[in-house]
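Heads up: the sequence shown runs through residues 1 to 283, numbered per UniProt numbering.
Below is one structure, written out as structure tokens, with a few remarks after it.
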Amino acid sequence: MARWIPETLHEHFRFSFKTNNVLYESHTEHQHLIIFENDTFGRVLMLDGVVQLTEEDEFVYHEMMAHPPLMAQPEPKRVLIIGGGDGGVLREVLRHPSVERAVLCEIDQSVIDLSRRYLDFIAQGAFDDPRAEVVIADGTKFVAETDERFDAILVDSTDPIGPAIALFTREFYSSCKRALNEGGVLIAQSGLPFLQGDELRDVQKSFRALFADAAAYMMTTPTYIGGPMALSWGCDDPARRMPERERLKARVDQIKGEMKYYTPDVHLAAFALPAYVARYVHG
Numbered sequence: 001m002a003r004w005i006p007e008t009l010h011e012h013f014r015f016s017f018k019t020n021n022v023l024y025e026s027h028t029e030h031q032h033l034i035i036f037e038n039d040t041f042g043r044v045l046m047l048d049g050v051v052q053l054t055e056e057d058e059f060v061y062h063e064m065m066a067h068p069p070l071m072a073q074p075e076p077k078r079v080l081i082i083g084g085g086d087g088g089v090l091r092e093v094l095r096h097p098s099v100e101r102a103v104l105c106e107i108d109q110s111v112i113d114l115s116r117r118y119l120d121f122i123a124q125g126a127f128d129d130p131r132a133e134v135v136i137a138d139g140t141k142f143v144a145e146t147d148e149r150f151d152a153i154l155v156d157s158t159d160p161i162g163p164a165i166a167l168f169t170r171e172f173y174s175s176c177k178r179a180l181n182e183g184g185v186l187i188a189q190s191g192l193p194f195l196q197g198d199e200l201r202d203v204q205k206s207f208r209a210l211f212a213d214a215a216a217y218m219m220t221t222p223t224y225i226g227g228p229m230a231l232s233w234g235c236d237d238p239a240r241r242m243p244e245r246e247r248l249k250a251r252v253d254q255i256k257g258e259m260k261y262y263t264p265d266v267h268l269a270a271f272a273l274p275a276y277v278a279r280y281v282h283g
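Here it is, written out as structure tokens:
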């Protein structure tokens, strides 16, 4: 008999995935984790009852988390990923030939281990790339203490529940800014504005206090139900966010493999916000 696995992203809104095969389920040291198969979306990873990725549409989030900030840099060399234990953002970062070092800081070793065991199609060998380094640590502590400086910091977090709560504070974002090189970009997952507008508003309030250029951009991932998802952008160089289309195209042409979502036009259009989203961004 099929099992229906629910996601309750919002107290007034629930949907479910049908599965005939649960590959793994447990409570880790930090959170509830389940990996299962769905006939439409393939393998699915959920943490604390919220979908993190599916096999069929993971490319949307991972490409949009990684490429807009890296395309903003002339030659990004050092990148820090907070969270992202599945390896998808790391995979996309390492597609940039200029990247010399990519540090992934994940609090939960089991997310990495289980992703490598059951979801190896996500990282596609990224964990074994000599440019990659994995640090098992609290991301807030890592950025507060590191002496390294990065061209981009990508906060690939869950929503602000459980261990991720600390990744949504002004103190954490301030530490991230300290760890950026001049002109570096900070990106933070900021929820679905239609259902989680307060989350985007709070992140943007912190970014506006810290950066000369604070903005948000959007993407549509089918399994993130409830409208398009927002990512917050922070940088002290306003010119970085909207490069010329031809420059973006030239950079895309340098990347190995085919893009499934990101294009120069998508980059530029993603920052055009619906009015209801813009109200959260501009306060």
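We put the CB at the ideal spot given by N, CA and C, even for glycine.
Tell me whether residue i sits in a helix, a strand or coil according to DSSP, three-state version.
i	result
Y224	coil
M242	coil
P193	helix
G125	coil
S232	strand
I255	coil
I5	strand
G88	helix
A132	strand
L186	strand
Measure the Cβ-Cβ separation of residue i and residue j and say whether it is below 7 Å.
i	j	result
V185	C235	yes
M218	A270	yes
R208	A215	no
V103	A66	no
E92	V50	no
L80	F150	yes
S98	E75	yes
A188	P69	no
F17	N38	yes
S157	G226	no
G87	F142	no
I35	L47	no
S190	L248	no
R131	R101	yes
Y276	R201	no
S174	A144	no
M71	R241	no
G85	I112	yes
L180	H10	no
T28	S110	yes
Nearest to residue i by CA position, among the options, is which residue?
i	options	result
M229	L273, A250, A212	L273
V155	R201, I107, E25	I107
Y24	K18, L33, F17	L33
R14	R245, T223, K260	T223
T57	T220, Q254, D129	The amino acid at residue 57 is misidentified as Thr; the sequence shows Asp. Closest by alpha carbon: T220.
S206	F168, V277, S115, I122	F168
E244	W233, P264, Q254, K256	P264
V203	N21, I165, D237	I165
H282	E133, K77, D198	D198
K77	G257, R43, G183	G183
F41	S26, L114, T19	T19
R43	Q31, D120, E29	D120
V22	H267, E133, D147, W4	W4
L114	S26, P238, G257, H267	S26
R170	P193, F211, I255	F211
G257	Q109, D237, Q124	Q124
Per DSSP, which residues does residue i bridge with? Please list them.
i	result
Y24	I35
L180	F150
A215	W233
D138	According to DSSP, D138 bridges with nothing at all.
D156	G83
V103	L80, E133
Provide the residue span of the alpha helix (DSSP H) that contains residue i, from first to last.
i	result
H96	No alpha helix (DSSP H) holds H96; DSSP gives it neither H nor E.
H30	Note, H30: premise wrong, no alpha helix (DSSP H); not H, not E.
G283	That residue, G283, is in no alpha helix (DSSP H); it is neither H nor E in DSSP.
I112	109–118
L70	58–71
L268	264–270
Starting from residue i, trace the beta strand (DSSP E) in both directions and tell me its first and last residue.
i	result
K18	13–19
L53	50–54
L47	42–47
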